[in-house]
C-alpha cells in the first residue's frame, strides 16, 4: 500500500515483492525459520515515553496504555546464518480483558513497508469490540529496521524539510534535480548501514521474523491481522509456512502480480480519481468553503494554487515554538493525498478548511494544515524502510527512459501525484543492496483455505483489481467487498457489517458461505458544526489525518 504521509515526503507504494530462493518457493518450510529457535518472549512494563504516546493517541477509545506490555526479541540478521549476528525486534502485547486464558494472540501489522507495528497493536486492541478484547491478546511488532527495533534504518534527517524542489511534469529541470536527489538518498542509506541490514530487509526476512514471533509466543499457529502491505506480508507467510497459519485476516489487499513498479502506476490513476471525487465533495459545500460550486472549479483552484506555490511558497513562523514552516507545491500535494485514502469528516473538512484559509489570507491555518519544517531534523525511518524493502524485494526497471515514458503517459490524464510518486520511488534506481525475486503467492502445498479478506472497490492505495488477484491466488479465501467506498482498509472504519464479519471469524471461525459478499458503502461526511470546525483545521487536521490513517509517524 502507499505509505500514509501527513507532513513528510510524498507517499510511495507501500507494497513489496518477496525474495526467496526457488527451493523455498517450491517447498515452504512448516517448521522453524531457517533452523533458528528464538527465546520465549519476556514481557515487561513499557518505557514511560512510549506509554505516554499510546495514552495520548488511543486511551480515549479504550485505556490500553495501562495494560500494554513490551518485549524484545533477538533474531538473526541473516536467517541463512542463524548462529550469526543478531538484531532486535520490538514487540508489544495488549492483554485480553476476560477471565482465564486468552483465546489466542492476534499478531498485527499496519503495512508500509516501514510502518511501525508496536503502536499498531494497542490501536487494534482499542478499536476491537468488547467481546474481541475479552478473548484475544493483540501482539504488535516493529519490523526489522523500523521504529524501536534495533538497529533502525535512518538515512537523511533533512529529507522532508520544506521547501523541496517541485516534482515537475517530467521536464528536463525537475528530472535532473530529482535524479540527483534520489541518487544521493540511496547513497546516504548505504553510508548509514553499518551492519549490512539493507541486504536483509526483504519481505521474506519479515516473514521469517513472524515465524520467530509465533515460536516466541509458544503458539502452534499464527493468528494474524494485516492491513495494506501487511496483506502481502501475511499472504507471503501463508505461502512459506502454510501449516502454521491459524486465523488470518487481510484488509486492503496488495496485488501480488504488480510487484512493484506497475502497482505505483495503477495507484496514480486511482488516487487522481479519488482526489477529483474529493474536490466534488468540497464543491457541494461551497457555502462552507467558498472554493467553487463545481468539481471543476475546485480542481482548478487546487492546481492554480500548486502553480502559485511553485513560484512563491508560503512561510510561517509559529509564535509559540519559533519553528518556521513552509508550504510549496510538493508539501501541499503530499498532505492532501490523505483525502484520497478514505472518507472522513476530520480529514476532508480539515484540508478543505486549510484551502479555504489560504483563499481568505489566513497564512497560519494554511501553513499549519499543509506545512513542513524548513530546518532541523525529522525521522525519515518510514521512508528509508519503505525503500529498503521495496527496492530489494524485486528488481525495478533499470532504464530511466522507461520510467520517464510510463510516468509521462500516466501524468497526461492523471496528474495529481504521478511524478511525486515516481520521485518517492526513484532511489530504487540507485539502491545499494541487491534485489531478489518474488515468491509466487499462493502456489504452495497445503495452502490454508480459511483466509478472510476485506476490500473497498475504490481503494487507491491497493486498487480493487489487485485484491481480486490476491483472492484468486488464495484459493478457498472469502472476500468481503465494500462497494463504492474509497476507504483504504475497511475493518474498524465505521461499518457495523464489516466489523461483524471480522468479529465472527476470530471469535467463532465463521466466514461468509459465498466466496465474495458485498456490503454497502458508508455515506460521505458532512462538514462539522462551527464549534467543532475550529479543532479540525491546522495542526488538528494533521493529527486527525494520522489517527484516521492508522499509521503513526
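In this note's numbering, the protein residues as written are 228 to 780.
In this text, a Cβ means the ideal position worked out from N, Cα and C, and glycines have one as well.
Which word fits residue 756, buried or exposed, when buried means at least 16 other C-beta atoms lie within 10 angstroms of its C-beta? The residue given as residue 756 occupies position 529 in the chain shown. Exposed, because fewer than 16 other Cβ atoms sit within 10 Å of the Cβ of residue 756.
If you run the structure through DSSP and keep just helix, strand and coil, what is residue 538? As a working mapping, residue 538 is identified with position 311 in the chain shown. In this structure, residue 538 counts as helix in the three-state DSSP scheme.
In the DSSP assignment, the beta strand (DSSP E) including residue 449 goes from what residue to what residue? Position 222 of the chain shown, counted from the first residue, corresponds to residue 449. In the DSSP assignment, residue 449 falls within the unbroken beta strand (DSSP E) covering 449 to 454.
Proximity below 8 Å, CB of residue 499 to CB of residue 641: Here the question's residue 499 lines up with position 272 in the chain shown. Here the question's residue 641 lines up with position 414 in the chain shown. In this structure, residue 641 lies closer than 8 Å to residue 499 by Cβ.
List the endpoints of the continuous beta strand (DSSP E) containing residue 683. In the chain shown, counting from the first residue as 1, residue 683 sits at position 456. Run containing residue 683: 679 to 683, per the beta strand (DSSP E) assignment.
May I have the straight-line CA-CA distance separating residue 673 from residue 357, to the nearest angstrom? The sequence position of residue 673 within the chain shown is 446, counting from 1. The sequence position of residue 357 within the chain shown is 130, counting from 1. Approximately 34 Å, taken between the alpha carbons.
Excluding sequence positions up to five away, which residues of its chain have a Cβ less than 6 Å from the Cβ of residue 656? Here the question's residue 656 lines up with position 429 in the chain shown. No residues qualify anywhere along the chain.
With three or more beta-carbon pairs closer than 8 Å as the criterion, would you say the stretch 292 to 301 touches the stretch 310 to 322? Judged by Cβ distances under 8 Å, the stretch 292 to 301 makes contact with the stretch 310 to 322, as three or more pairs qualify.
Ordered along the chain, which non-local residues of its own chain (more than five positions away) have a Cβ less than 7 Å from that of residue 253? As a position in the chain shown, residue 253 is number 26, starting the count at 1. Caution applies to residue 253, whose pLDDT of 33 falls short of 50 and renders its modelled position unreliable; the value that the coordinates give is listed next. Around residue 253: no qualifying Cβ.
Mind listing, in chain order, the continuous beta strand (DSSP E) runs of no fewer than 3 residues lying wholly within the stretch 352 to 395? Qualifying beta strand (DSSP E) stretches, in chain order: 363 to 369.
Do you know offhand how far residue 334's Cα is from residue 514's? Here residue 334 refers to the residue found at position 107 of the chain shown. Here residue 514 refers to the residue found at position 287 of the chain shown. Cα to Cα, residue 334 sits roughly 46 Å from residue 514.
Specify the secondary structure class of residue 622 as computed by DSSP and reduced to three states. Mapped onto the chain shown, residue 622 falls at position 395. Three-state DSSP puts residue 622 in coil, outside helix and strand.
Residue 241, DSSP secondary structure in three states: Here residue 241 refers to the residue found at position 14 of the chain shown. Caution applies to residue 241, whose pLDDT of 38 falls short of 50 and renders its modelled position unreliable; the value that the coordinates give is listed next. Looking at residue 241 - three-state DSSP - the assignment turns out to be coil, as it is neither helix nor strand.
Is there contact between the stretch 353 to 372 and the stretch 392 to 408, where contact requires at least three CB pairs shorter than 8 Å? no
Uninterrupted beta strand (DSSP E) stretches inside the stretch 544 to 630 (no shorter than 3 residues): 551 to 554
In whole angstroms, give me the CA-to-CA distance for residue 694 and residue 680. Position 467 of the chain shown, counted from the start, is the residue given in the question as residue 694. Position 453 of the chain shown, counted from the start, is the residue given in the question as residue 680. Rounded to the nearest whole angstrom, the CA to CA distance from residue 694 to residue 680 is 9 Å.
Where does residue 743 fall in DSSP's three states? For this step, residue 743 is matched to residue 516 along the chain shown. In the structure shown, residue 743 sits in a strand (DSSP, three-state: E or B).
Return yes when the C-beta of residue 450 is under 7 Å from any heavy atom of the ligand NAD, and no when it is not. With respect to small molecules bound, the structure shown includes none, and the ligand NAD cannot be examined in it.
Can you tell me which of the three DSSP states residue 308 falls into? Start at 1 with the first residue of the chain shown, and residue 308 comes out as number 81. In the structure shown, residue 308 sits in coil (DSSP, three-state: anything other than H, G, I, E or B).
DSSP three-state assignment for residue 420, whether helix, strand or coil: Numbered from 1 along the chain shown, position 193 holds the residue referred to as residue 420. Three-state DSSP puts residue 420 in coil, outside helix and strand.
Using 8 Å for Cβ pairs, my map puts residue 476 next to residue 452. What's the rounded Cβ distance? Walking along the chain shown from the start, residue 476 turns up at place 249. Walking along the chain shown from the start, residue 452 turns up at place 225. Contact holds; Cβ gap of about 5 Å.
Secondary structure at residue 441, three-state DSSP: helix, strand or coil? By 1-based counting over the chain shown, the position of residue 441 is 214. Here residue 441 sits in helix by DSSP.
Nearest CA to the CA of residue 748: which residue from 677, 701, 742 and 571? If you number the chain shown from 1, residue 748 lands on position 521. Of the listed residues, the one whose Cα sits closest to residue 748 is 571.
Figure out for me which residue from 585, 485 and 341 has the closest Cα to the Cα of residue 531. Against the chain shown, residue 531 aligns to sequence position 304. Taking only the C-alpha atoms, the option nearest residue 531 is 585.
Determine the direct distance from the alpha carbon of residue 627 to that of residue 407, and round the result to whole angstroms. Working through the chain shown from its first residue, we reach residue 407 at position 180. Working through the chain shown from its first residue, we reach residue 627 at position 400. Looking at the two C-alpha atoms, the distance is approximately 13 Å.
When you compare the CB positions of residue 353 and residue 494, do they come within less than 8 Å of one another, or not? Numbered from its first residue, the chain shown carries residue 353 at position 126. Numbered from its first residue, the chain shown carries residue 494 at position 267. Taking 8 Å as the Cβ cut-off, residue 353 and residue 494 do not qualify as a contacting pair.
Whole runs of the alpha helix (DSSP H) within the stretch 652 to 700, excluding any shorter than 4 residues: Counting only runs of 4 or more, we get 691 to 700.
Use the C-beta contact count for residue 611: other C-beta atoms within 10 angstroms, 16 or more gives buried, fewer gives exposed. Mapped onto the chain shown, residue 611 falls at position 384. So residue 611 ends up on the buried side.
Residue nearest to residue 547 in terms of C-alpha spacing, selected from 595, 685 and 468: Taking the first residue of the chain shown as position 1, residue 547 is located at position 320. Comparing alpha-carbon positions, the option among 595, 685 and 468 lying closest to residue 547 turns out to be 595.
Beta-carbon proximity list for residue 255, same chain, < 7 Å, skipping 5 on both sides: To locate residue 255, count along the chain shown from 1; it is residue 28. With a pLDDT of 38 at residue 255, under the threshold of 50, the predicted position of this residue should be treated as unreliable, though the coordinate-derived value follows. In its chain, beyond the 5 residues on either side, 466, 467, 468, 469 and 671 have a beta carbon closer than 7 Å to the beta carbon of residue 255.
Using 8 Å as the threshold, is the stretch 572 to 583 in touch with the stretch 304 to 313, meaning 3 or more CB pairs across them? no
Evaluate residue 442 with the Cβ neighbour count: other Cβ atoms within 10 Å of its Cβ, from every protein chain shown; 16 or more gives buried, anything less gives exposed. Taking the chain shown and counting its residues from 1, the one referred to as residue 442 is at position 215. Residue 442 is buried by the Cβ-count criterion.
Cα-Cα, which of 613, 412 and 402 is closest to residue 371? Counted from its first residue, the chain shown places residue 371 at position 144. Answer by Cα proximity: 613.
Indicate the three-state DSSP secondary structure (helix, strand or coil) for residue 758 in the structure shown. Residue mapping note: residue 758 aligns to position 531 of the chain shown, counting from 1. With a pLDDT of only 44 at residue 758, under the threshold of 50, the placement of this residue in the model should not be trusted; the figure read from the coordinates follows. Helix, per DSSP.
DSSP state of residue 735, grouped into three classes? The sequence position of residue 735 within the chain shown is 508, counting from 1. The answer is helix: DSSP assigns residue 735 an H, G or I state.
Run of the alpha helix (DSSP H) containing residue 785, from where it starts to where it stops: Nothing in the structure corresponds to residue 785, since the chain is present only between 228 and 780.
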